[in-house]
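Engineer: Below is one structure. I have some questions about it.
Numbering (this note's numbering), first residue to last: 809 to 926.
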């Protein structure tokens, strides 16, 4: 089992910045993928960005050039640096963790709220 705890969500003005963190604990294997998803009211959950244990990153088109995902494996922590925030970035942001252990294993955090509003 892997437990995930997110932090960093807040109310921020348009154009502002925010950094989210996700700390993983439990049985963590060396090969895994961590990512951020978000879900706005009335919309489906969507992937924002991901980073593999090998350092490969992926970004949704809507956040490219504005968001940066990173991880510190010594701390089992992933970060999402969000710049130039827009109102459409308002959502509940979830941390996701994937690894293969006797089959694919997906884990989710409880979510952290990001609200972009003036």
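Ideal Cβ positions, reconstructed from N, Cα and C, are used throughout, including at glycine.
Can you tell me whether DSSP reads residue 895 as helix, strand or coil?
Structural biologist: Correct three-state label for residue 895: helix.
Engineer: Report the residue ranges of all beta strand (DSSP E) runs contained in full by the region 830 to 899; include only those spanning at least 3 residues, in chain order.
Structural biologist: Listed in chain order, they are 841 to 847, 854 to 860, 865 to 867, 875 to 880, 885 to 890.
Engineer: Secondary structure at residue 818, three-state DSSP: helix, strand or coil?
Structural biologist: The answer is coil: DSSP assigns residue 818 none of H, G, I, E or B.
Engineer: Under the rule that 16 or more other beta-carbon atoms within 10 Å means buried, what is residue 888, buried or exposed?
Structural biologist: When all chains shown are included, residue 888 counts as buried.
Engineer: Between residue 901 and the rest of its own chain, which residues show a CB-CB distance below 8 Å, the 5 nearest in sequence each way excluded?
Structural biologist: 814, 817, 828, 844, 845, 846, 856, 888, 919, 920, 921, 922.
Engineer: Considering only the beta carbon of each residue, do residue 892 and residue 874 sit closer than 8 Å?
Structural biologist: It is a contact, given that the beta carbons lie within the stated cut-off.
Engineer: Less than 8 Å between the CB atoms is what I'm expecting for residue 926 and residue 822, so what's the real figure, rounded?
Structural biologist: With a Cβ gap of about 6 Å, residue 926 and residue 822 count as contacting.
Engineer: Use the C-beta contact count for residue 862: other C-beta atoms within 10 angstroms, 16 or more gives buried, fewer gives exposed.
Structural biologist: With fewer than 16 other Cβ atoms within 10 Å, it is exposed.
Engineer: Just reading off the beta strand (DSSP E) that residue 921 is part of, what are its end residues?
Structural biologist: It spans 920 to 924 - the beta strand (DSSP E) in which residue 921 sits, taken as one unbroken run.
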